[in-house]
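Following: one structure in structure tokens, then a few remarks.
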Amino acid sequence: MGPSVTLDQLMWTLHKPSIKAEPSSMVSSRSAVIIWCHGTLVAEKCVLHEEGSQKPWGTQTPEKPENKAKFSIPSVTQQHGGQYRCYCYSSAGWSERSDTLEIVVTGIYYYNKPSVTPNSTVHSGDNVTLLCQSTFKVDTFILSKEGAAHQPQRLKSKSEASEFQAEFSMSAVTSDLSGTYRCYGSRDSSHYLLSHASDPVELTVSGFFGASSLPPSRPIPTDVTSVTSLSTTADSEIQDHTVENLIRMGFAVMILIVLGILVIEDWGSQRRAQRALRTQTASKRERERERKRERERETEA
Numbered sequence: 001m002g003p004s005v006t007l008d009q010l011m012w013t014l015h016k017p018s019i020k021a022e023p024s025s026m027v028s029s030r031s032a033v034i035i036w037c038h039g040t041l042v043a044e045k046c047v048l049h050e051e052g053s054q055k056p057w058g059t060q061t062p063e064k065p066e067n068k069a070k071f072s073i074p075s076v077t078q079q080h081g082g083q084y085r086c087y088c089y090s091s092a093g094w095s096e097r098s099d100t101l102e103i104v105v106t107g108i109y110y111y112n113k114p115s116v117t118p119n120s121t122v123h124s125g126d127n128v129t130l131l132c133q134s135t136f137k138v139d140t141f142i143l144s145k146e147g148a149a150h151q152p153q154r155l156k157s158k159s160e161a162s163e164f165q166a167e168f169s170m171s172a173v174t175s176d177l178s179g180t181y182r183c184y185g186s187r188d189s190s191h192y193l194l195s196h197a198s199d200p201v202e203l204t205v206s207g208f209f210g211a212s213s214l215p216p217s218r219p220i221p222t223d224v225t226s227v228t229s230l231s232t233t234a235d236s237e238i239q240d241h242t243v244e245n246l247i248r249m250g251f252a253v254m255i256l257i258v259l260g261i262l263v264i265e266d267w268g269s270q271r272r273a274q275r276a277l278r279t280q281t282a283s284k285r286e287r288e289r290e291r292k293r294e295r296e297r298e299t300e301a
């Protein structure tokens, strides 16, 4: 009988698979989503597991030639919100678990429907703040960029003047941040269940820094249930440095002017001194010639 192989010896013999949701990990209620688990060439089965569950969510055979296992959810409900990971196995052993995929379900809360705000164009290098707010209680705001591969941003809400709000700040923006943004609200009791999406806010970042342009003013929400507004501010530190540089340049110009005046006065003084010296020399020579002529006349007499 050959040596036995333990489960620990079989674990992690395959490369870690990747996990992805299609079309997005942010799914509206009652819509369809596909979770793909991309294993290695030798993977025979892939298992999808939801965090907190005692049993696997499902097991699928990877499709060739991409070696991706397909887990379909035809109609998403509240129960599908959560964290998912997958792993694969073959006769050689098990793979490491994939990174975590968060599935969040939108359209659960009907009281938090936001209103649209004006679209905005900003310049590369500006600071941008996206403001999510609601008159209803929201524990966490979620900001999502349409088509972004990364997970949406989350911020705890703050209560301001009977409103709940969160400010998503982006400093020194680039053209990569141009796109369509939406805001959602969630409660702590249901972390992966979100409100309906806000109307879209378009952010356009031009490819140059508009230091000479005045930044757009912060729009005032026109609806008491407004959840998304946009404000843009130029970099105040850059403005401060610009003022300081202008002051320094002014002092430098004044110093140069004073130095120029002193140089001109010194040059004029030297010219006057030279003229006076030449006049004195000429007068002395004239007196000497006059004395010489007087001596000659006395000698002749």
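Residues 1 to 301 in UniProt numbering are what the sequence shown lists, from first letter to last.
Cβ coordinates follow ideal geometry from the N, Cα and C atoms, glycine included.
Is it the case that the Cβ atoms of T61 and L194 are separated by a distance below 8 Å? One thing to note: T61 has its Cβ no nearer than 8 Å to the Cβ of L194.
Option nearest Q133 by Cα separation, candidates I19, Y181, G185, M170 | G185
Taking F164 as the reference, give the member of R187, Y192, P152 with the closest Cα.
Nearest of R187, Y192, P152 to F164, Cα basis: R187.
Are the CB atoms of A21 and I142 nearer to each other than 8 Å? no
Less than 8 Å separating the beta-carbons of S124 and S206? yes
Query raised in the report: What are the residues that DSSP puts in a beta bridge with T106?
Result: S28
Exercise. Output the distance between the C-alpha atoms of H196 and R182, rounded to the nearest integer angstrom.
Key: Spanning the two alpha carbons is a distance of roughly 10 Å.
| query | Between the C-alpha atoms of S25 and H191, what's the straight-line distance to the nearest angstrom? | reply | 14 Å
Check your understanding: Between which two residues does the beta strand (DSSP E) containing L203 stretch?
Key -> 201-206
State the beta-bridge partners of L101 as determined by DSSP. DSSP lists Y84 as partners of L101.
Does the beta-carbon distance from C88 to K45 come in below 8 Å? yes
**Request:** Give the DSSP bridge partners of G179, in chain order.
**Result:** L203
Q) Are the beta-carbon atoms belonging to E202 and T180 less than 8 Å from one another? A) yes
task: Determine the extent of the beta strand (DSSP E) in which T59 is found, giving its start and end residues.
output: 58-60
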